[in-house]
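First up is the structure itself, then whatever we jot down about it.
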Amino acid sequence: MRQGKHGSGKGSKGKHRRKSRSATATYKAACVVVAAGALVSCLAVAPPGRDPGPLGGAEPGPKHPSTTWFGAFLESDDRGVQRIGELEKWLGGADLRVGHTYLPGETWSDIEGRAEFLESWARWRRQREDRLFVLNVPMQAHNEAGVPDNGVRRLLRQGQEGRFDEHFRKLAERLVALNIPDTVVVLGWEMNGTTYTHRCGPDPEAWKAYWRRAVTAMRSVPGQKFRFDFAPSRGRDAVPWTECYPGDDVVDVIGMDSYDQPPGQSFDEEVKEPYGLQQHVDFAAAHKKEISYPEWGLFRNGDNPEYMRRMLEWMDAHKPLYNTITDYCPHGVWQCGANPQAARVYRSVLFGRTDPTPVPTPKPPVVPPVTPPVTPPVTPPVVPPVTPPVTPPVAPPANCQPMDLGTWVEYWLGGKLCLRFDWYSRNR
43 MRQGKHGSGK
53 GSKGKHRRKS
63 RSATATYKAA
73 CVVVAAGALV
83 SCLAVAPPGR
93 DPGPLGGAEP
103 GPKHPSTTWF
113 GAFLESDDRG
123 VQRIGELEKW
133 LGGADLRVGH
143 TYLPGETWSD
153 IEGRAEFLES
163 WARWRRQRED
173 RLFVLNVPMQ
183 AHNEAGVPDN
193 GVRRLLRQGQ
203 EGRFDEHFRK
213 LAERLVALNI
223 PDTVVVLGWE
233 MNGTTYTHRC
243 GPDPEAWKAY
253 WRRAVTAMRS
263 VPGQKFRFDF
273 APSRGRDAVP
283 WTECYPGDDV
293 VDVIGMDSYD
303 QPPGQSFDEE
313 VKEPYGLQQH
323 VDFAAAHKKE
333 ISYPEWGLFR
343 NGDNPEYMRR
353 MLEWMDAHKP
363 LYNTITDYCP
373 HGVWQCGANP
383 QAARVYRSVL
393 FGRTDPTPVP
403 TPKPPVVPPV
413 TPPVTPPVTP
423 PVVPPVTPPV
433 TPPVAPPANC
443 QPMDLGTWVE
453 YWLGGKLCLR
463 FDWYSRNR
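Right, dumping it as structure tokens:
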């Protein structure tokens, strides 16, 4: 569904068309006209920033952490940024960590992301590391111009051939230059419907090839860390959204836009219908992808607190990466005074909620094994055999008869032993 001041919007399955209105007129009483022009009711729209207090006297629920990051679509331009803080106050200090807006799709220069349009969103995102910026990006210019199927088919094939790659590359360069390279890009949303020129139905194969080229072009920009969110509308619509899935290598998140429609449908039927909430969860699990709900809210069943309660419970149970309620009439709860019962449920459940910052599980330090030093074996020294020195023969003194006692004895005696002749003669 197209939102914001940048053009009229009409969602799938006959969703309403919301024309541009001035900031003043937006918050005056609005009238809803349904089929055959029957006037149903005038809706009192609550001005942003005015805290009406606990709705209907209901006490807000206790503060408790959420299981998913949440936010709201509040307006496309910088007014949407300003209203985040005001909605947080209405929710008792809840921490809205998701900022969500849509690029206008009138011209290709719009889709390339004008700096003056994105600057305030980029500033909000950069203020805290634990925030998430979600940007819906059209895949065609004149995206709500009612282009017939033959024209859409021609455009899809041009995209398949690479005719529009440069526009997506420029958008990626703009996001990186604004220092928001980790933007979640909801590319070609609700492609399974009939509303947008970027719809898939006229040629699913060309559409998938075109998506792949757009993602490849954006990923080619140095410094990018984008995540690409494939987000059909719930149900079969004009074509089964599974036929438009372009492949696991070019999709990071599988989203779903899920409004409370058609008339008379229960939440259980929204879960179980073909291509409904349960199939969405199962399909994402089979492809090992996170899920998201970029657009959700009330619609054809009016002020439906049961839908609001069940949808919040569903998201708490299935833990999407993020969810952003569409907060204007007839879908919303803060900027729309037509849904007091559903607003009471939404405010009670989310009052004071904070999204806990994921804390990485500490890992024990890696201590390298202590290897004892290798001591070389002690080799006993080789002692050469002691060879008695060779003593040059010493001439025996006169009147001395040398005695041959052997080399070792002569070594220790220091020479040969001799007997004097006179002693020998006397003792003979």
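Counted from 1, the sequence shown has number 80 at position 38 by our numbering; the numbering is strictly sequential.
Beta carbons are placed, not taken as given, at the ideal position from N, Cα and C, and that holds for glycine.
Check	Outcome
Contact belief for L129 with P180 at Cβ below 8 angstroms, rounded distance in angstroms	Actually they are not in contact, since the Cβ atoms of L129 and P180 sit about 26 angstroms apart, beyond 8 angstroms.
Straight-line Cα distance separating S390 from H106	Model confidence at H106 stands at a pLDDT of 42, short of 50, so the residue's coordinates are unreliable and nothing is read from them.
Q266 versus N346 - alpha carbon distance	41 angstroms
Residues of its chain near G318, where Cβ-Cβ distance is below 7 angstroms and the 5 sequence neighbours each way are ignored	R276, G277, E312
CB-CB length for A280 against G230, believed under 8 angstroms	Going by Cβ atoms, the distance from A280 to G230 rounds to 14 angstroms, so no, they are not a contact pair.
Contiguous alpha helix (DSSP H) assignments of at least 4 residues, all confined to the stretch 290-374	309-314, 319-328, 347-360
Where S162 falls: helix, strand or coil (DSSP)	helix
Start-to-end residues for the alpha helix (DSSP H) that takes in W111	First-last for W111: 111-115, but that is the beta strand (DSSP E), not the alpha helix (DSSP H).
L177 - partner residues in DSSP beta bridges	T143, V227
Candidates D290, G113, E348, S262: closest to G306 by CA position	E348
Contact between the stretch 136-151 and the stretch 119-127 (3+ Cβ pairs under 8 angstroms)	yes
Beta bridge counterpart(s) of Y270 as assigned by DSSP	The amino acid at residue 270 is misidentified as Tyr; the sequence shows Phe. F270 pairs with V227.
Cut-off 6 angstroms between Cβ atoms - residues of its own chain near Y238, not counting five sequence neighbours on either side	N185
Neighbour-count burial assignment, K250, 16 or more Cβ in a 10 Å radius	buried
Cα-Cα separation between T368 and S262, rounded to whole angstroms	32 angstroms
E390 in three-state terms, based on DSSP	Per the sequence shown, the amino acid found at residue 390 is Ser instead of Glu. Helix.
Given V292 as reference, the closest of P282, Y252, Q321 once Cα atoms are compared	Y252
Opposing strand residues paired with S275 [DSSP bridges]	D299
R211 and A157 closer than 8 angstroms at C-beta	no
Same chain only: Cβ atoms within 8 angstroms of P246, ignoring 5 sequence neighbours per side	V281, E285, C286
Check whether K331 and I296 have beta carbons under 8 angstroms apart	yes
Test item: CB-CB of M357 and Y388 under 8 angstroms	no
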